[in-house]
Structures are given as C-alpha cells and as structure tokens.
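Residue numbers (full-length UniProt numbering): 1 to 226. Heads up, the thing below is written out as structure tokens.
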Ligand code: ADP
Ligand code: MG
C-alpha cells in the first residue's frame with residue numbers, strides 16, 4: 001500500500017505555566033493514498049491536536065511527518081504555508097465561510113489567493129459547487145443557506161485547489177442526521193471517483209464504520225482497529 005502521509009512517533013505536550021499536558025505520546029499513523037481514514041476517540045483524546053499536526057498547522061514536540069518522501073514536521077512557516085496551499089484541504093466542524101461573500105466567491109477564494117485568474121477560479125468553483133449539489137446556490141450568501149449547505153460549500157472550497165489530502169475535523173458534528181449523511185456521502189464519492197485521500201475526525205461511529213480504516217486514539221497513542 002502507498003501512503004500519502006506518514007506520522008512517526010509523534011508527541012505533543014502542551015505547557016501552561018508549570019502544568020504539562022502530554023496529549024500525544026508516540027503516535028504512528030500512516031494514511032493510505034486514495035482512501036478514507038476515520039480518526040475516533042473520546043473527547044479530549046487529542047484528535048484535533050493530531051489533525052492539526054498532520055496538516056502542519058501545529059508542530060509536534062517530537063516525531064516525524066513524511067509527505068512525498070520529505071520530513072515536513074520542521075519546515076519553516078513559509079514553506080508549510082506553501083505546502084498547505086498546494087497539497088492540503090481543510091474542513092472544520094464550523095464552516096468558516098466569509099459571510100459577506102457568495103457561495104461561489106467563497107469557493108473560489110483559495111484559488112484567487114493562489115493567484116489563479118478570476119475567470120478560471122470562478123469556472124472551477126462553479127464545477128465544484130455543482131459537484132456538491134449546489135449549482136443553483138452559487139449566488140447565495142452563507143446566511144441564506146442551511147447548515148448542511150454551508151458545510152457543502154466549505155467542502156467545495158477545500159476541494160477547489162485539488163489537494164492531495166483532505167483533513168476534516170468533525171465535518172458533520174454540527175449537522176442533523178440527514179445532512180451529515182449527505183456530507184459524508186460526498187467525501188465517499190470524492191475518494192472513489194477522484195482518488196483523493198481523506199482523513200476525517202468523527203465521533204459518529206456509524207460513519208466511521210463506513211470509512212476504509214478506523215484509527216482510534218486513546219491515552220496518547222493510537223492504533224488501527226480496521
Ligand atoms: P479532541 O479533539 O480529541 O477532543 P483535543 O486535541 O482538542 O481533543 O485536545 C486534547 C487535549 O489537549 C485536551 O486536554 C486539551 O485541553 C489539550 N489542548 C489542546 N490544545 C491545547 C492548547 N493549545 N494548549 C493547551 N492545551 C491544549
Ligand atoms: Mg476536537
């Protein structure tokens with residue numbers, strides 16, 4: 001099996017004054033390419049901490065992170081930002097859309113920031129809005145959309161730059177069952193039809209059960225349970 005990202009012996013300790021919290025105590029996690037991996041664990045077990053480290057948004061206290069043969073754990077902030085822009089897409093529990101911009105503008109934003117021409121950025125954004133089933137909402141602002149629709153715009157925005165790896169932190173956590181199922185189906189489809197790699201934190205065990213792999217975090221360490 002080939003891996004899109006390999007985390008080796010990752011530790012993360014938070015220090016607040018004299019108090020040290022050892023959240024990750026030696027995590028090994030290899031993410032298979034073109035597959036959907038769920039990360040599960042109790043609240044406070046370190047799922048978000050791990051996801052931030054996998055996405056280079058946080059630096060591990062120790063350990064390695066191998067992406068395309070290179071250890072990226074200790075790159076400069078500038079190089080990490082470039083790597084994220086080129087290769088990684090993020091989706092969070094809260095959509096983080098810009099409320100004054102339309103669904104289309106929100107979706108196109110990462111491309112515009114990356115310097116893609118307006119014409120091309122909007123064309124690609126339209127394609128991705130259609131893929132998430134929101135072609136008819138391109139001109140709506142987030143305030144005019146339902147929670148599930150907003151989350152689908154957030155997914156379109158993450159996908160638009162065509163990242164190799166999508167990292168999602170409880171992307172269905174704020175949604176009712178029906179919307180959660182729709183959003184999950186979208187991730188499934190992406191993995192199957194576009195061979196994207198997805199790592200998704202979830203506490204919904206029925207959704208986790210539909211992923212290709214389940215990685216469970218407990219007491220600062222983790223293991224694949226399937
Ligand atoms: P989960 O996502 O599994 O609920 P988190 O990764 O958010 O867990 O948090 C794991 C633990 O790390 C918690 O005890 C939390 O309080 C602590 N923690 C997370 N981020 C920080 C931080 N920036 N500073 C101090 N402690 C933190
Ligand atoms: Mg969390």
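Backbone N, C-alpha and C define an ideal beta-carbon position, used for all residues, glycine too.
Counted within 10 angstroms of its Cβ, other Cβ atoms place residue i as buried (16 or more) or exposed
i	result
residue 79	exposed
residue 225	exposed
residue 95	buried
residue 100	exposed
residue 106	buried
residue 144	exposed
residue 82	exposed
residue 124	buried
residue 193	exposed
residue 15	exposed
residue 175	buried
residue 54	buried
residue 131	buried
residue 186	buried
residue 205	exposed
Sequence-distant residues of the same chain with beta carbon closer than 6 Å to residue i, five excluded per side
i	result
residue 199	31, 37, 167
residue 190	196
residue 39	47, 201, 215
residue 13	20, 22, 61
residue 1	32
residue 179	148
Sequence-distant residues of its chain with Cβ nearer than 8 Å to residue i (five each side left out)
i	result
residue 120	111
residue 109	98, 101, 157
residue 52	58
residue 129	103, 104, 107, 135, 137, 138, 153, 156
residue 25	11, 219, 220, 221
residue 161	85, 86, 89, 110, 111, 114
residue 223	215, 216
residue 146	179
Spatially closest choice to residue i from the options, by CA coordinates
i	options	result
residue 27	194, 193, 42, 60	60
residue 247	66, 83, 91	Because the chain spans 1 through 226 in this model, residue 247 falls outside it and cannot be assessed.
residue 85	57, 74, 218	57
residue 63	187, 41, 34, 29	29
residue 170	151, 77, 115	151
residue 88	160, 42, 164	164
residue 93	113, 68, 184	184
residue 9	18, 141, 73, 122	73
residue 68	4, 140, 188	4
Residues bridged to residue i [DSSP beta-bridge criterion]
i	result
residue 85	Answer is none; residue 85 lacks a bridge partner.
residue 166	89, 198
residue 10	27
Residues near residue i in its chain [Cβ-Cβ closer than 7 Å; skip 5 each side]
i	result
residue 228	Residue 228 lies beyond the range of the chain shown here (1 to 226); nothing can be said about it.
residue 271	The first residue shown for the chain is 1 and the last is 226, placing residue 271 beyond what the model contains.
residue 45	217, 218
residue 182	148
* Anything with a beta carbon under 6 Å from a heavy atom of the ligand ADP counts; list them all in chain order. => 14, 16, 21, 23, 41, 43, 44, 45, 46, 47, 48, 49
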